[in-house]
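Printed below as a string of structure tokens:
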């Protein structure tokens, strides 16, 4: 069982330790302790999570790939077993996330080309880094995420709008009641998640202070040019064509409550020649709904 005290609150793997048996690693990144998993040897595969998950979400891939690859899965600052500084002490923005990812890669001294597996807002973070480092990227597995501004055909979900713009609602709901992480347990997967998996997904977000990232991720979603991360997302949007379609694979659960088929179609319009595997009976937590099939597809793709 892994235990760690973060912001004065105990976070442990109690109740799901068998699902997450990985040794903890920590690196001092831009002033904060970042936790990451580093399993296996071989060509590096870096997994970048979104909100409100953490490296636990990639556990099936870590186990299944680490016999042939060096599998690395970070916890963003504010997530998982990483430090959870206040919004005054840390800049919870896309630019900061990309800088943290770059710093970790340098800290790990990864010199060969690496593959990325990205999910949710980890897609935007990973793709932003990839476009700045095209010579260091091998393949990218893109799943239920975005790499562009909101598609014209997609309306910004009302629940996210309320969290982003209505602070009197968002603060007590997200920081107090943990509605974002807990709600995703029921909206994120098409299958009924076992209790141990539910515990694992929400374990790091066990107090008001430890839920700051789940709020700030949503508040940082750029909708208008006035939003701080708008220019960075616009840059990624405009730069996607630099990626090699043969080096991309899309895995998608269509029953996603946010990154639905509108996002997949946008990606397919831009990369019609790239491999795409669509799961009609899976949701946002695709790797929870389809751990076996997605692992096999990724193994074949990376090989």
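In full-length UniProt numbering, the protein residues as written are 1 to 303. We treat Cβ as the ideally placed atom computed from N, Cα and C, and that holds for glycine.
In this structure residue 74 touches residue 48 by the C-beta definition: roughly 7 Å separates them, less than 8 Å. The beta carbon of residue 154 sits closer than 8 Å to those of 260, 262, 263, all from its chain and outside the five residues before and after it, given in chain order. Proximity to residue 24 across 42, 56, 273 peaks at 56, based on C-alpha coordinates. Residue 143 holds the alpha-carbon nearest to the alpha-carbon of residue 121 among 143, 170, 111, 192. Assignment of residue 26 by DSSP, reduced to helix, strand and coil, places it in the strand class. Judged by DSSP secondary structure, residue 300 falls within the alpha helix (DSSP H) whose first and last residues are 291–302.
When DSSP states are grouped into helix, strand and coil, residue 39 belongs to the strand group.
The Cβ atoms of residue 84 and residue 247 do not sit closer than 7 Å to each other. According to the DSSP assignment, residue 63 belongs to no beta strand (DSSP E) but to the alpha helix (DSSP H) extending over 59–65. Scanning the segment 229–290 from its first residue to its last, the whole beta strand (DSSP E) runs of 3-plus residues come out as 248–255, 275–283.
In the structure shown, the three-state DSSP call for residue 151 is coil. For the set 163, 117, 71, the Cα lying nearest the Cα of residue 44 is the one of 71. By the criterion of a C-beta distance shorter than 6 Å, residue 95 is surrounded in its chain by 232, once the five residues flanking it on both sides are discounted. Here the alpha carbons of residue 161 and residue 227 stand approximately 13 Å from one another.
Using a Cβ distance threshold of 7 Å, residue 60 and residue 286 do not count as a contacting pair. For residue 201, there is no enclosing beta strand (DSSP E); the residue is found in the alpha helix (DSSP H) stretching over 195–202. Under the Cβ criterion (8 Å, minimum of three pairs), the segment 144–152 does not count as touching the segment 168–176. Distance check between residue 79 and each of 216, 270, 255 places 216 closest, using alpha-carbon atoms only. Under the three-state reduction of DSSP output, residue 69 falls in the strand class.
In the three-state DSSP reduction, residue 135 falls in the helix class (H, G or I). Exclusion of the five residues before and after residue 136 leaves 113, 114 as the residues of its chain whose Cβ lies within less than 7 Å of its Cβ. Sixteen is the threshold: when 16 or more other Cβ atoms of the shown chains lie within 10 Å of the Cβ of residue 164, as they do, the residue is buried. Counting only residues of its own chain and dropping the five nearest sequence neighbours on each side, residue 223 has a CB closer than 7 Å to the CB of 150, 156.
DSSP, read as helix, strand or coil, puts residue 214 in helix. Beyond the five residues adjoining it in sequence on each side, residue 107 comes within less than 6 Å, by CB distance, of 27 in the same chain, given in chain order. Here the alpha carbon of residue 182 sits roughly 15 Å from the alpha carbon of residue 218. The Cβ atoms of residue 141 and residue 249 lie closer than 7 Å to each other. Secondary structure at residue 106: helix, using DSSP grouped into helix, strand and coil.
The continuous stretches of alpha helix (DSSP H) do not include residue 118, which lies in the beta strand (DSSP E) extending over residues 114–120. The distance from the Cβ of residue 146 to that of residue 123 is about 6 Å, consistent with a contact at the 8 Å cut-off.
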